[in-house]
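Q:
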Amino acid sequence: MKRFSVILLFGFSFALLAAQDTIRLTLQEAVALARTQSPQAVAARHQYKAAYWNWRSFKAEYLPSLTLNTSSALNRSISPVTLPDGSDSFVHRNQLLNGGTLTVNQNIPLLGGSLFVETGLQRLDLFSDKTLSYKSTPVVIGYSQNLFGYNRLKWNKKIEPARYSQARKSYVETLELVAAQAALKFFQLATAQSNLYSAQVNYATADTLFTYAKGRYEIGTITENEMLQLEINYLSEQTNRMNARIETDDCIQNLRSFLGITDHVEI
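Below, the structure is given as structure tokens:
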């Protein structure tokens, strides 16, 4: 099995100096990097996490729930009251009402309602009389259900598992597509680098031949037509090298953007 790799040069700018680190990135490492930090993989991961927590919330809805509610109310006011003889008078009220309710609730998917058991205690302090009283609710058992509308609990048991399964399959599919695109861009860059190397070799050869040809032309050992042919070949290889460099730079930018690399990279 052949092992392909590209060299990434990460440049970091500092205030007074510049340093450059070089790493060798294989195909397997490029795919792993794309699965981890590419924008598409990150977006898919967040979508899957949102679907996962929606699934957890759905599952919790069918478990028993325990709720504690507390309240406190201080009343200091002057209120009108009607006395036994029919006259009105103003009474100063100074009281504190504290209460708490503990409720156990269980949703019933078959019926679409909820069964609950509740207990509570209230305490009333009358500061003016320096007295207090209690009111307790030992046990209240009840059932609540909407008379109109569809059975949300029943239908959610059919919809939510399918929705979560779809989100999980979509996440796996996205990762596979990301891996395939990373491999494609990797080989595009490897091909561009190979073409650039060949173009540089051809350019160096053409430059050497053209340099020798100018010397030979000056002493008259080659014709002007041969000299012009070598010059055309030299200019053509120079153009090919420039085009190969542009293609390589484009592949670098595409791979950097796809892999989510924000630092300056030269490959």
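With the first letter of the sequence shown counted as 1, position 6 gets the number 1482 in the working numbering; the numbers rise by one all the way through. Glycine included, each C-beta is placed from N, C-alpha and C at the ideal position.
If you run the structure through DSSP and keep just helix, strand and coil, what is N1627?
A: Correct three-state label for N1627: coil.
Q: CA-CA distance, W1531 and V1616?
A: So the two alpha carbons sit approximately 32 Å from each other.
Q: Roughly how many whole angstroms lie between the Cα atoms of S1489 and P1637?
A: Summary for S1489: the model assigns pLDDT 30, below 50, so the residue's position carries little reliability; its value from the coordinates is reported in the next sentence. Straight-line Cα distance between these residues: approximately 50 Å.
Q: Can you tell me which of Y1679, T1687 and Y1640 puts its alpha carbon nearest to the alpha carbon of N1716?
A: If we check each option's Cα against that of N1716, Y1679 comes out closest.
Q: What do you reckon, are the CB atoms on L1672 and A1720 nearer than 7 Å?
A: Result yes, Cβ atoms of L1672 and A1720 sit closer than 7 Å.
Q: Which residues in the same chain as Q1582 place their Cβ atom closer than 6 Å to its Cβ, once the five residues preceding and following it in sequence are excluded?
A: Once the five neighbours on either side are set aside, the close Cβ partners of Q1582 are P1540 and L1591.
Q: Ignoring anything shorter than 3 residues or poking outside the region 1522-1609, list the beta strand (DSSP E) runs there in chain order.
A: If we require 3 residues or more, the beta strand (DSSP E) runs fully inside the region 1522-1609 come out as 1541-1558, 1564-1584 and 1589-1602.
Q: Out of S1563, D1564, A1549 and G1562, state which residue places its alpha-carbon closest to the alpha-carbon of N1570.
A: Checked all of S1563, D1564, A1549 and G1562; the closest Cα to N1570 is A1549.
Q: Give every residue of the same chain whose Cβ lies closer than 7 Å to the Cβ of F1734, excluding the five residues on either side of it in the sequence, and list them in chain order.
A: Excluding residues within five positions, the ones whose Cβ falls inside 7 Å are A1510, S1514, Q1657, A1658 and K1661.
Q: On a CA-only basis, which of Y1610, C1727 and L1544 is nearest L1578? Give me that one, please.
A: Comparing Cα positions, the closest option is L1544.
Q: Measuring CB atoms only, is the region 1632-1647 touching the region 1595-1605, in the sense that at least three cross pairs come out at less than 8 Å?
A: No, they do not touch.
Q: Taking 7 Å as the cut-off, decide whether the C-beta atoms of P1560 and L1629 are in contact.
A: Not closer than 7 Å, so no.
Q: Give the straight-line distance between the Cα atoms of S1620 and V1580, rounded to the nearest whole angstrom.
A: C-alpha separation (whole angstroms): 13 Å.
Q: Only counting the same chain, and skipping five residues up and downstream in sequence, which positions put a Cβ closer than 7 Å to that of Q1676?
A: Around Q1676: R1717.
Q: Kindly identify the DSSP beta-bridge partner or partners of V1616.
A: E1594, per the DSSP bridge assignment.
Q: Would T1724 be called buried (16 or more neighbouring beta carbons within 10 Å of its own) or exposed?
A: By the neighbour-count rule (16 or more Cβ atoms within 10 Å), T1724 is buried.
Q: Closest to P1799 by CA distance: which of V1518, N1632, Y1626 and V1593 is it?
A: With the chain running from 1477 to 1743 in the structure shown, residue 1799 is simply not present.
Q: Checking 7 Å against the spacing of the C-beta atoms, do V1567 and S1555 come in under that value?
A: Closer than 7 Å, so yes.
Q: If we ignore side chains and look at the alpha-carbon of each, how far apart do R1732 and T1738 end up?
A: Using only the alpha carbons, I get a separation of about 7 Å.
Q: Do you know whose CA, among L1572, Y1647, E1694 and Y1688, lies nearest K1606's CA?
A: The option with the nearest alpha carbon to K1606 is L1572.
Q: Measure from the alpha carbon of S1547 to the alpha carbon of each residue in G1576, Y1528 and N1709, then state which is nearest.
A: Taking only the C-alpha atoms, the option nearest S1547 is G1576.
Q: So L1711 packs on L1685, CB below 8 Å; how close in whole Å?
A: That pair is no contact at about 12 Å.
Q: Looking only at C-alpha atoms, which of R1500, N1574 and I1708 sits nearest to L1602?
A: Here the closest residue by C-alpha is N1574.
Q: Can you grab the Cα-Cα spacing for the pair E1505 / V1648, in whole Å?
A: Rounded to whole angstroms, E1505 to V1648 spans 19 Å at the Cα level.
Q: May I have the straight-line CA-CA distance separating Q1729 from A1517, to the nearest angstrom?
A: One C-alpha to the other measures close to 18 Å.
Q: Enumerate in chain order the residues of its own chain whose CB-to-CB distance from G1588 is below 7 Å, with the five nearest sequence positions on each side excluded.
A: The answer, listed in chain order, is Q1621, N1627, R1628, L1629 and K1630.
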